[in-house]
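Okay, structure first, notes after.
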Amino acid sequence: MRGWLVLWGGVQASVLHRNGTATVGTDEAALCKVAEEAEAKVYLPPKTLGDWQQLSMNCMADCGTRKEFCYRGCMNDCIAMKYRLDCTKYCVLNMDCHRKCDKLKPCDQCLQTVTQSDSASCRLKCMAVQA
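Here the working numbering is used: position 124 in the sequence shown is 1495, and no number is missing along the way.
Right, here's the structure in full:
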C-alpha cells in the first residue's frame, strides 16, 4: 500500500496509508523502505550525458530530504548503482561529449560514496561541466 504521510519521531516512524491503516516501526531499514514507497518518484533512464548529469543532481536533492540513515539506500536506488556513468553509451562517436564525460567521472565516483552531510562537494564535481 502506498502511504501518503510519513511522521518521523526520533527513529520511530508512522506511515498513514490511503486506506486508513498505519505502519509503525523502529527498524531503520524497514522504515526507509516504507518512506521511499510513500514518496516514490519515477525517473526515466538517462539517454544522454546531460540526462545523466541532471539525474545525478535530482537524486542528491531528493535523497537529501530523507533522514541520514535512509540517504545511502535512496542514492543507490536512484542512480548510484542503477545508472553508472557510461561514456561509450552516452557519447557514441562524439569526441566532445567524451571529453565532457571524462570530466564527470569524479562525479560518478562520488555518487558511490556520498553522504547526506557532504553532498555539497559531490554536487561541485557533478556541476564541473555543462553536458
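Note that beta-carbon positions come from the ideal geometry of N, C-alpha and C, so glycine has one too.
Bear in mind the structure is a predicted one, so any value in this text is a computation, not a measurement.
Check: Which residues in the same chain have their Cβ closer than 7 Å to the Cβ of Cys1434, if we skip the five residues on either side of it in sequence?
Finding: For the purposes of this step, residue 1434 is taken as the residue at position 63 of the sequence shown. So the qualifying residues of the chain are Tyr1442, Cys1445, Met1446 and Cys1449.
Next item on the list: Note down the Cα distance separating Thr1419 from Thr1486, rounded to an integer number of angstroms.
Entry: One-based indexing of the sequence shown puts residue 1419 at position 48. One-based indexing of the sequence shown puts residue 1486 at position 115. Distance between the alpha carbons of Thr1419 and Thr1486: 26 Å.
Note to self: Is it buried or exposed, Val1463, if we count other Cβ atoms within 10 angstroms and call 16 or more buried?
What the structure shows: Counting from 1 along the sequence shown, the entry for residue 1463 is found at position 92. So Val1463 ends up on the exposed side.
Item checked: Same chain, Cβ closer than 6 Å to Cys1493, neighbours up to 5 away in sequence not counted -> Along the sequence shown, one-based indexing puts residue 1493 at 122. These residues qualify, in order along the chain: Cys1481 and Val1485.
Note to self: So, at 6 Å on beta carbons, what are the nonlocal neighbours of Gln1483 in its own chain, with the 5 sequence-adjacent residues on each side left out?
What the structure shows: Counted from its first residue, the sequence shown places residue 1483 at position 112. Closer than 6 Å at the Cβ level, and outside the excluded window around Gln1483, lie Ala1451.
Note to self: According to DSSP, simplified to helix, strand and coil, what is Gln1501?
What the structure shows: In the sequence shown, counting from the first residue as 1, residue 1501 sits at position 130. Note: Gln1501 maps to coil in three-state DSSP.
Next item on the list: Given a cut-off of 8 Å, decide if Cys1478 and Lys1453 are closer than it, judged by their beta-carbon atoms.
Entry: Counting from one through the sequence shown, the residue named residue 1453 turns up at place 82. Counting from one through the sequence shown, the residue named residue 1478 turns up at place 107. No, the pair does not count as a contact, with Cβ atoms beyond the cut-off.
Notebook entry, point to check: Per DSSP, what kind of secondary structure is Lys1438 in: helix, strand or coil?
Noted result: To locate residue 1438, count along the sequence shown from 1; it is residue 67. Look at Lys1438 here: in three-state DSSP terms it is coil, with no helix or strand label.
Check: Closest to Arg1470 by CA distance: which of Ala1499, Ser1490 and Ala1491 is it?
Finding: Mapped onto the sequence shown, residue 1470 falls at position 99. The shortest C-alpha to C-alpha distance from Arg1470 to any of Ala1499, Ser1490 and Ala1491 is the one to Ala1499.
Check: If we count the other Cβ atoms within 10 Å of its Cβ and call it buried at 16 or more, is Arg1455 buried or exposed?
Finding: Numbered from 1 along the sequence shown, position 84 holds the residue referred to as residue 1455. Counting Cβ neighbours within 10 Å, Arg1455 comes out exposed, since fewer than 16 surround it.
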